[in-house]
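Those letters in the sequence shown? Residues 11 to 504, by the numbering used here. Backbone N, C-alpha and C fix where the C-beta goes; we use that ideal spot for every residue, glycine too.
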Amino acid sequence: MQKSKSKITAFAAVISVCLTCFILLAARCSSDPGSANTLTAYADTGVDGKISGDSIGFLEKLQKANRELAAYILPSVVTVDVIETRVVDNGGQNFPWFFFNQPDSPEGNKREYKQEGLGSGFIVKQSGKKYYVLTNQHVTGNASDITIILNTGEKIKGELVGTDKRKDIALVSFESNKDLQVAKMGDSNTVQVGDPVFAVGSPMGYVSSITSGMISALGRSGGPNENNINDFFQTDAAINQGNSGGPLVNIYGEVIGINNWIASSSGGSQGLGFSIPINNVKRAVDDFIEYGEVKYGWLGVQLTPITPEDVQSLGLKDQKGTLVAQIFLDSPAIKGGMQAGDFIIELNGKPVESYDELVRNVGDLTIGEKASFKVIRNGQKKEIEVKIESREENIVSDYAKLWPGFVAYTITPKIREQLKLDKKLNGVLVTNIQTKTPAVLMGLKNADVVVSVNDKSVSNLREFYAELAKAKGEVWFKFVREGKEFSTIRYKLK
Numbered sequence: 011m012q013k014s015k016s017k018i019t020a021f022a023a024v025i026s027v028c029l030t031c032f033i034l035l036a037a038r039c040s041s042d043p044g045s046a047n048t049l050t051a052y053a054d055t056g057v058d059g060k061i062s063g064d065s066i067g068f069l070e071k072l073q074k075a076n077r078e079l080a081a082y083i084l085p086s087v088v089t090v091d092v093i094e095t096r097v098v099d100n101g102g103q104n105f106p107w108f109f110f111n112q113p114d115s116p117e118g119n120k121r122e123y124k125q126e127g128l129g130s131g132f133i134v135k136q137s138g139k140k141y142y143v144l145t146n147q148h149v150t151g152n153a154s155d156i157t158i159i160l161n162t163g164e165k166i167k168g169e170l171v172g173t174d175k176r177k178d179i180a181l182v183s184f185e186s187n188k189d190l191q192v193a194k195m196g197d198s199n200t201v202q203v204g205d206p207v208f209a210v211g212s213p214m215g216y217v218s219s220i221t222s223g224m225i226s227a228l229g230r231s232g233g234p235n236e237n238n239i240n241d242f243f244q245t246d247a248a249i250n251q252g253n254s255g256g257p258l259v260n261i262y263g264e265v266i267g268i269n270n271w272i273a274s275s276s277g278g279s280q281g282l283g284f285s286i287p288i289n290n291v292k293r294a295v296d297d298f299i300e301y302g303e304v305k306y307g308w309l310g311v312q313l314t315p316i317t318p319e320d321v322q323s324l325g326l327k328d329q330k331g332t333l334v335a336q337i338f339l340d341s342p343a344i345k346g347g348m349q350a351g352d353f354i355i356e357l358n359g360k361p362v363e364s365y366d367e368l369v370r371n372v373g374d375l376t377i378g379e380k381a382s383f384k385v386i387r388n389g390q391k392k393e394i395e396v397k398i399e400s401r402e403e404n405i406v407s408d409y410a411k412l413w414p415g416f417v418a419y420t421i422t423p424k425i426r427e428q429l430k431l432d433k434k435l436n437g438v439l440v441t442n443i444q445t446k447t448p449a450v451l452m453g454l455k456n457a458d459v460v461v462s463v464n465d466k467s468v469s470n471l472r473e474f475y476a477e478l479a480k481a482k483g484e485v486w487f488k489f490v491r492e493g494k495e496f497s498t499i500r501y502k503l504k
């Protein structure tokens, strides 16, 4: 059922030309001060008040191109209907009433209820009679019952292959004897602001719906999922509840994004839709099929964005990159020679533009791959090679191995004022202490000010990390808390 590349390219060209002409026409109308009414002004260009033949021809080409695009992409788009069974603790009481949308409670302290949901997805792979649908994790949850509804209306039982909260994606499989169309993946790295796009899915349950718009911005961050590591395309193509998991396609009918969330004060589309670039998740499909989960590369560091004050404190001179605030002991980074305080500026020869970008790119590295990092350490550039390992949840959550166990922060004038710190007090501020870390064992607390490392005074981030790197065998800090100076216990480095 795959259509020829030449045909798709042809109608893509028509769409592009038509949209360009349409935009230029609109711009000309709006810039004409003599046109009190744009529609009236351009109706006069026809014969006897009729629309001209050229205009009709233009609109017919646009209509034909839109129809061909819809016919090409719709067969690969599905509706994902889910039922998730949840068990809730009712606090040991059996209430005789419940709030709306809640079922009757069973006997005892637990009650079970079913939560229904609906989203969109698209077929990304076929293996014999088995097809795979990519959608959002927030669509499927941990669904106990999934129904895939094809473009034809046929309903087929689906099976959850795997989910991933960090990228908010899920893979669902189903079987069919029919020859179903698989969506074609595009290259999201080539997308530019202004590109025409089409959002496809089942908004508010209205299946097989298509809306159009353009790419409004690239590299957006945010969204309702605080653990999401994606960047996003911003589009003004209408996206509503139910569109989640559906494809964002280009003029070639290729999927360039997965519709994910909207910014709205009303709950409906306000022209602020956000989609996950498809290149962010391509490898995840094979990971789901082989492992049932997404495999991430692991460096073994905790990164932090830096402020202008940090740049000055580290002596970086506005250098782009991100700071290694903490490092896991026995991690790939440690084994490769990386240190807390290193400022990463390149990964495999490519500049690091931001903290978020490096987190994504490290996660996409192949397990066992030797990755090259360029860092700035004590003002000097240094090349470090690290053999990437697999990110395992039990390891990354073991904060007992996270060194030094807190994020050192530059003391800005605003912080000094808020914490009422003495004007003569210099050092680094202790923030983001995690449980069971070395910092906790040493007795540090958030808002402490570290003033020395192994009796070597430190007045800024650069000095702090330099002295921390020199420490061998054991480490202790002097710090100020509420105007009084204390010393930590000595922590033995393993």
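Of the residues PHE184, VAL396, THR420 and SER226, which one's Cα is nearest the Cα of PRO7? Outside the displayed span of the chain (11 to 504) sits residue 7, for which this structure offers no information.
Write down the C-beta distance between VAL192 and LYS135 rounded to the nearest angstrom, noting that I regard them as a contact closer than 8 Å. VAL192 to LYS135, Cβ: 7 Å. Contact.
Hey, out of ASN436, GLY233, GLU70 and THR150, whose CA is closest to VAL461's CA? Selected option, being the one with the closest Cα: ASN436.
What are the boundary residues of the alpha helix (DSSP H) that SER497 is part of? SER497 -> not in any alpha helix (DSSP H); beta strand (DSSP E) instead, spanning 494-497.
Measure the Cβ-Cβ separation of PHE353 and GLN322 and say whether it is below 9 Å. For the pair PHE353 and GLN322, the CB atoms are not nearer than the 9 Å cut-off.
One or two residues paired with SER65 in a DSSP bridge: None, per the DSSP bridge assignment.
Span of the alpha helix (DSSP H), counted from its first residue to its last, around LYS424: Looking at the DSSP string, the run of the alpha helix (DSSP H) that includes LYS424 is 423-428.
Do you know offhand how far GLN390's Cα is from GLY172's? Between GLN390 and GLY172, the alpha-carbon positions lie close to 44 Å from each other.
Give the range of the alpha helix (DSSP H) segment to which ARG370 is assigned. Here the alpha helix (DSSP H) through ARG370 covers 365-373.
Which partner residues does THR332 have in the DSSP bridge list? The partner list for THR332 (beta bridge, DSSP) reads ILE354.
According to the neighbour-count rule (16 or more other Cβ atoms, all chains shown, within 10 Å of its Cβ), is PRO315 buried or exposed? Here PRO315 is exposed: its Cβ has fewer than 16 other Cβ atoms, across all protein chains shown, within 10 Å.
Measure the alpha-carbon distance for GLY168 versus ASN187 and round it to whole angstroms. Each residue's alpha carbon lies about 14 Å from the other.
LEU478 - containing alpha helix (DSSP H), residue span: For LEU478, the uninterrupted alpha helix (DSSP H) run begins and ends at 471-480, by DSSP.
Do the stretch 372-379 and the stretch 344-353 make contact, defined as three or more Cβ pairs closer than 8 Å? Using a C-beta cut-off of 8 Å, the stretch 372-379 makes no contact with the stretch 344-353, since fewer than three inter-stretch Cβ pairs fall below that distance.
Rounding to the nearest angstrom, what Cα-Cα distance links ILE61 and PHE68 in this structure? PHE68 has its alpha-carbon roughly 11 Å from the corresponding atom of ILE61.
Quick one: what's got a C-beta closer than 8 Å to GLU402's C-beta in the same chain, skipping five residues either side? Here the set comprises TRP308.
Cβ distance (whole Å) where VAL143 is taken to contact VAL182 below 8 Å: Confirmed, Cβ separation roughly 5 Å.
Between LEU368, VAL438, PRO287 and ILE355, which lies nearest to PRO423 when the distance is taken from Cα to Cα? For PRO423, the nearest C-alpha among the options comes from VAL438.
Expressed to the nearest angstrom, what Euclidean distance is found between the alpha-carbon atoms of THR441 and ILE166? The straight-line gap from Cα to Cα measures roughly 51 Å.
Using a C-beta cutoff of 9 Å, does GLY283 count as contacting chain D? The question asks about chain D, but that chain is absent: this structure has only one protein chain.
Relative to the alpha-carbon of ALA273, which residue among THR245, ALA476 and ASN161 has its alpha-carbon at the smallest distance? Nearest neighbour of ALA273 by Cα position, chosen from THR245, ALA476 and ASN161, turns out to be THR245.
By the three-class DSSP mapping on this structure, what secondary structure does GLU70 have? Three-state result, GLU70: helix.
I need the boundaries of the beta strand (DSSP E) containing ALA180, first residue and last residue. Looking at the DSSP string, the run of the beta strand (DSSP E) that includes ALA180 is 179-185.
Any contact between the stretch 376-385 and the stretch 407-418? By contact I mean 3 or more CB pairs, one from each, below 8 Å. Contact between the stretch 376-385 and the stretch 407-418 is absent, because fewer than three Cβ pairs lie under 8 Å.
Cutoff 7 Å; reference VAL259; Cβ partners in own chain excluding five residues on either side: Excluding positions up to five away in sequence, the list reads ILE83, VAL207, PHE208, VAL210, VAL265 and ILE266.
Nearest by alpha-carbon distance to ASP296: which of ILE499, ARG96, TYR141 and THR498 is it? Of ILE499, ARG96, TYR141 and THR498, the residue nearest in Cα terms is TYR141.
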